[in-house]
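Here is the structure we will look at, set down as structure tokens.
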Amino acid sequence: MKKKILLTIGSIIVVLFAAGAGYAWYLLHSVQSAAGQMYETTGGKGNTQALAQKKPISLLLLGVDERQNDRGRSDTIIAATLNPKTNTMQMISIPRDTRTEIVGRGTVDKINAAYAYGGVKMAEDTVKNFLGGVPFDFYIKINMQGMSALVDAVGGVTVNNKLDWYDEGYYKKGYHYARGTITLDTGAKAMGYVRMRHLDPQGDFGRNQRQRDVIAAIVNKMSNVSSISHFSQILAALGSNVKTNLTYDDMKNIALNYRNAKKNTINYEVKGQGTMINKIYYLVVGNAEKQRVHDMMEQQLGN
Numbered sequence: 171m172k173k174k175i176l177l178t179i180g181s182i183i184v185v186l187f188a189a190g191a192g193y194a195w196y197l198l199h200s201v202q203s204a205a206g207q208m209y210e211t212t213g214g215k216g217n218t219q220a221l222a223q224k225k226p227i228s229l230l231l232l233g234v235d236e237r238q239n240d241r242g243r244s245d246t247i248i249a250a251t252l253n254p255k256t257n258t259m260q261m262i263s264i265p266r267d268t269r270t271e272i273v274g275r276g277t278v279d280k281i282n283a284a285y286a287y288g289g290v291k292m293a294e295d296t297v298k299n300f301l302g303g304v305p306f307d308f309y310i311k312i313n314m315q316g317m318s319a320l321v322d323a324v325g326g327v328t329v330n331n332k333l334d335w336y337d338e339g340y341y342k343k344g345y346h347y348a349r350g351t352i353t354l355d356t357g358a359k360a361m362g363y364v365r366m367r368h369l370d371p372q373g374d375f376g377r378n379q380r381q382r383d384v385i386a387a388i389v390n391k392m393s394n395v396s397s398i399s400h401f402s403q404i405l406a407a408l409g410s411n412v413k414t415n416l417t418y419d420d421m422k423n424i425a426l427n428y429r430n431a432k433k434n435t436i437n438y439e440v441k442g443q444g445t446m447i448n449k450i451y452y453l454v455v456g457n458a459e460k461q462r463v464h465d466m467m468e469q470q471l472g473n
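Residue numbers for the sequence shown follow this note's numbering, beginning at 171 and rising by one.
Printed below as a string of structure tokens:
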């Protein structure tokens with residue numbers, strides 16, 4: 171889950187500067203307050219110098235499913251890069267079942283287990299190792315409940331559904347998701363839409379695509395937000411469900427200097443072979459694919 175969480179934050183700031191003097195100060199104060207609530211450095215401090223120099227940057231986006239007394243796993247993992255020189259944004263999705271070394275534990279497991287074992291730091295180290303040593307300048311972690319709150323805050327979103335099914339998974343509320351253009355008018359309905367996996371012939375890959383579609387729809391809806399009440403709800407949802415080592419000034423720099431990158435987005439999903447090992451399903455990624463993804467990131471970062 172994930173994709174464009176960074177641009178979700180950036181979109182708020184861009185719209186803020188265009189809001190006009192009527193309530194711009196109020197919104198500025200609200201954005202600064204939300205940014206302060208989101209800020210943390212459990213995974214290490216961000217590379218603010220790279221932003222100041224307008225260099226290409228890399229971000230680790232983690233979509234987690236945290237509950238009380240349960241850290242959960244990072245079921246959405248995206249290695250993102252923003253290049254202000256080429257005005258491109260690259261989003262590489264790493265399936266949660268990817269089999270890899272868990273750095274710091276000396277074991278081999280599904281890549282999403284790293285967050286459960288050691289939080290953002292272990293997740294970041296593990297993904298970096300999987301990518302052949304490509305470092306991350308920043309990270310953004312969002313609780314899946316944040317997606318639900320954001321959908322409610324923007325008043326629902328519209329997506330193009332490629333399947334037809336009734337919800338029988340996490341929520342079990344009997345929602346009907348018809349094929350074609352549909353409106354997810356509540357956060358609960360959106361969560362049922364993005365969580366479904368077993369009824370999708372593409373499994374985890376299909377679910378990842380639905381997550382990306384919903385977040386893109388949230389960002390598009392936010393770009394048209396014009397009322398203080400909607401801004402307040404959006405900021406409350408972000409402040410409560412997003413943690414990042416981006417400071418308010420970092421977010422402002424991205425919104426102002428990297429905003430054109432979203433016009434040219436490159437999406438890629440890591441490919442592998444589904445395999446049962448000791449009765450557990452894994453996605454085994456070959457060395458050639460790992461090298462391909464490594465090279466994609468290095469090229470985008472200008473290395």
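Note that beta-carbon positions come from the ideal geometry of N, C-alpha and C, so glycine has one too.
All figures in this text were calculated on a predicted structure; none of them were measured in a lab.
Below 8 Å on the Cβ atoms is my contact criterion, and I expect residue i with residue j to pass it. Report the Cβ-Cβ distance as a whole number of Å.
i, j, result
"Val290", "Thr417", "In fact, because the Cβ distance is near 16 Å, the residues do not count as touching under 8 Å."
"Met208", "Leu453", "With 8 Å as the limit, Met208 and Leu453 do not qualify as a contact, their Cβ atoms being about 31 Å apart."
"Arg380", "Val364", "5 Å"
"Ile264", "Val234", "With a Cβ gap of about 14 Å, Ile264 and Val234 do not count as contacting."
"Tyr345", "Lys332", "No, Tyr345 and Lys332 are not in contact; Cβ-Cβ is about 16 Å, not under 8 Å."
"Tyr347", "Asp355", "Tyr347 to Asp355, Cβ: 12 Å. No contact."
"Ser318", "Gly376", "At roughly 20 Å, the Cβ-Cβ gap does not stay under 8 Å, so Ser318 and Gly376 are not in contact."
"Asp489", "Gly362", "The question about residue 489 has no answer here: the residues shown for the chain are numbered 171 through 473."
"Tyr451", "Gly444", "6 Å"
"Met261", "Gly274", "Their Cβ separation, rounded to whole angstroms, is 26 Å, which puts Met261 and Gly274 out of contact at 8 Å."
"Thr258", "Ile436", "6 Å"
"Pro226", "Leu471", "5 Å"
"Leu221", "Asp420", "6 Å"
"Ser200", "Leu369", "Not a contact, Cβ separation roughly 40 Å."
Cα-Cα, which of the options is closest to residue i?
i, options, result
"Lys311", "Glu294, Thr251, Val455", "Glu294"
"Ile327", "Val389, Phe308, Phe375", "As written in the sequence, residue 327 is Val, which differs from the Ile given in the question. With distances taken between Cα atoms, Val327 lies closest to Val389."
"Thr351", "Asn411, Ala387, Thr256", "Ala387"
"Phe401", "Val324, Leu221, Gly303", "Val324"
"Gly302", "Ala249, Asn330, Lys255", "Ala249"
"Asp374", "Gly214, Thr246, Gly456, Ala205", "Thr246"
"Val412", "Asp322, Lys422, Met314", "Met314"
"Leu232", "Gln202, Gly316, Leu221", "Gly316"
"Lys224", "Leu230, Thr251, Arg243", "Thr251"
Mind checking whether the beta-carbon of residue i lies closer than 6 Å to any heavy atom of the ligand PLP?
i, result
"Thr251", "Questions concerning the ligand PLP fall outside what the structure shown contains, since it holds no ligand whatsoever."
Is there a Cβ from chain B that is less than 7 Å from the Cβ of residue i?
i, result
"Asp267", "Here chain B cannot be found, since the structure has a single protein chain."
Indicate the three-state DSSP secondary structure (helix, strand or coil) for residue i in the structure shown.
i, result
"His464", "helix"
"Leu471", "coil"
"Gly444", "strand"
"Phe300", "helix"
"Phe401", "helix"
"Lys359", "helix"
"Asn331", "strand"
"Phe306", "coil"
"Asn427", "helix"
"Asn437", "strand"
"Ser181", "Bear in mind that a pLDDT of 47 at Ser181, under 50, signals an unreliable position, so the number given afterwards is only what the model happens to contain. Three-state DSSP puts Ser181 in a helix."
"Leu221", "helix"
"Lys255", "coil"
"Ala323", "helix"
Starting from residue i, follow its DSSP beta bridges and name the residues at the other end.
i, result
"Ala250", "Leu229, Met261"
"Ile450", "Ile447"
"Asn390", "According to DSSP, which records beta bridges pairwise, Asn390 is partnered with nothing at all."
"Asp279", "Thr270"
"Val234", "Ser244, Asn313"
"Thr212", "Answer is none; Thr212 lacks a bridge partner."
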